[in-house]
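At position 271 of the sequence shown (counting the first as 1) the number is 257 in our numbering, and the numbers step up by one without a gap.
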Amino acid sequence: ERVLQIDIVSNRVCSVGPNLVDENMERIFQNKWQNGLTSTEQQCVYAIPLAADTILKIDTANSNDEPVVTTYKLPESCHGLAKFEGGVLAPNGVMYTCPNNFKGVLRIASSKSKTIIAQKEDKGQFRYTTGIPTLRSSAHRVKLNPKQRKHDPKPKDIGGKPSNKTFLPKSICEEATFQYNVNDYDFKGAMVSLLQGCDPEMVGSFSTADTCRLEDFDVPTLSLSRSDYGGHCESAQVYFSNAVTTNKDFLDLFDRFVVDVVLPKLKTRLVENGAITTSQEIEFYYQRPPTVRLQPGPAWADVKAHSDAEYGHQNGELNFWLPLTNRDATGVDLWCESSFKQGDYHPLAVYYGEVVSFHGSSCRHYVNANHSNNTRVSLDFRIGVQGFFDTQWQMAGTTDDHNRRIVRL
């Protein structure tokens, strides 16, 4: 936790300055700073914050003494990991760092008193300024390393024999939208009831108690900030996941919706594709509970483009996405490419009462930032299909994998 000094003249190596953690000069232990900028005028080195909450300054102006090591706090909204990497020193003495996983440029201006002022792009219009865009009801985690796989998925057909198929038919992978009766399947009402039963400090509360409009649901800012930075998003996510998992009314509605609406439509598509016959029974493995996502605004963070295969999902399953709020009120959509590595991102422009399916394991998708004053609420789940989905397979590195319920239809 000290600065390492390497004297290339005397070939001497030693630690200089105070212990940064013991002196409360920096609280992060790993990957604090990366790369640095040298001001020859000041005879100082400035270390660029990667995960650190501070800028490190090493003052070597007095060549006869040990360098003076100090730190300067970043602006309050400069949180997150892998924030900046590399930078330049402008002719006027001002330093600019390059954003890595941060939406803004850090400006370091040194004054005559040799203190520094850190500035970033103005995020004043945003209430949520961390890099976490959503509070979700899923504890799915993964460390991607396909080389650690013990084997690839090995699905079995209806007869219990290896099907040698791991990818759903092309026509099934294509995007498809269908409608459902919101009176028979009142997900809005069920979600309002679920959210009302949650701890407001963990999940949030309705700003207008009379109407309880989902768009008006207020998520605490601390629930979208990691504990390293004074928030509690980790515990909020666990709490919200448990709230969804234990809400019988919501899960009963979801089960009825999947079994009575979604699975019959999916089986019809498989029959039309020729994958099975009308008289054949087939097993489906649907994710239960679904993932509920709350994306409040105004915020600057978005959900980065990714494919679900990166997170341990198989090509023998299909994604289903249901918005519970009005896309016109938030300006937020799920954007998806039409097929593997096409890069032709387009919004899946569906409204409440509509469901869209897409092959999220191969098609990259993302969600744009919510710059509105409203909250986006959605739920999504995946369905594996017998003959294409291996119920026993799990990618090495995944934890808290989604539970599945088996339905034979």
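We put the beta carbon where it would ideally sit given N, CA and C, even for glycine.
When C-alpha distances from Asp45 are compared across Ser209, Ala33 and Val393, the shortest belongs to Ala33. About 24 Å separates the beta carbons of Gln20 and Ala47, which is beyond the 8 Å limit, so they are not a contact pair.
Gly3 and Glu201 have their alpha carbons spaced roughly 52 Å apart.
Shown here, Asp204 sits in a strand according to DSSP, grouped into three states. Taking the Cα of Asp204 as reference, the smallest distance to any Cα among Ala176, Trp321 and Ser358 is reached at Ser358. The Cβ-Cβ distance between Thr316 and Gly283 falls below 8 Å.
Nearest neighbour of Gly79 by Cα position, chosen from Ala68, Arg93, Gly72 and Lys89, turns out to be Arg93. Rounded to the nearest whole angstrom, the CA to CA distance from Glu267 to Leu334 is 31 Å.
Contiguous alpha helix (DSSP H) elements confined to the region 218 to 291 occur at 219 to 231, 234 to 243 and 249 to 259, taking only those with 4 or more residues. Judged by DSSP secondary structure, Thr316 falls within the alpha helix (DSSP H) whose first and last residues are Arg313 to Thr316. Judged by DSSP in its simplified three-state form, Asp(-7) adopts strand. DSSP, reduced to helix, strand and coil, places Val342 within a strand of the structure shown. Here Tyr58 carries a strand assignment [DSSP, helix/strand/coil]. Taken through DSSP and simplified to helix, strand or coil, Ala95 comes out as strand.
The C-alpha of Val245 is placed about 43 Å away from the C-alpha of Phe88. In the DSSP assignment, Phe173 falls within the alpha helix (DSSP H) that extends over Phe173 to Gln182.
Cβ-Cβ separation between Arg390 and Thr277: approximately 13 Å, too far for a contact (criterion under 8 Å). When beta bridges are read from the DSSP output, Ala33 appears opposite Gly22 and Leu42.
When the five nearest sequence neighbours on each side are left out, the beta carbons in the same chain lying within less than 7 Å of the beta carbon of Thr207 are those of Arg113 and Tyr114, in order along the chain. Contact check for Gln372 and Glu269: beta-carbon distance about 4 Å, within the 8 Å limit, so the pair qualifies.
In the displayed model, Cys84 falls within a strand according to three-state DSSP. Secondary structure note for Ser1: its beta strand (DSSP E) is the uninterrupted segment Arg(-2) to Val2. Only buried fits Thr83, as 16 or more other CB atoms lie within 10 angstroms of its CB. According to the DSSP assignment, Ser364 belongs to the beta strand (DSSP E) that extends over Arg362 to Val371. In the structure shown, Glu187 falls within a coil segment according to DSSP collapsed to helix, strand and coil. Ranked by how close their Cα comes to the Cα of Leu36, the residues Asp51, Cys30 and Lys18 have Lys18 in first place. C-alpha of Phe192 to C-alpha of His351: approximately 30 Å in a straight line. Between Gly175 and the set Phe375, Val363, Gly370 and Val393, the nearest pair of CA atoms involves Val363. For Ile158, the enclosing alpha helix (DSSP H) stretches over residues Lys156 to Cys159. At a Cβ-Cβ threshold of 8 Å, Tyr337 and Trp321 do not count as neighbours.
Secondary structure of Leu304 (DSSP, three-state): strand.
DSSP places Glu71 inside the beta strand (DSSP E), whose first and last residues are Phe70 to Leu75. Taking Gln111 as the centre and dropping the five residues before and after it, the same chain places the C-beta of Pro284 closer than 7 Å to its C-beta, in chain order. If you ignore the 5 residues before and after Leu6, its C-beta comes within less than 6 Å of the C-beta of Glu(-13) and Glu12, all in its own chain and listed in chain order. With fewer than 16 other Cβ atoms inside 10 Å of its own Cβ, Pro77 counts as exposed. As the crow flies, the alpha-carbon of Gly190 is around 9 Å from that of Ser209.
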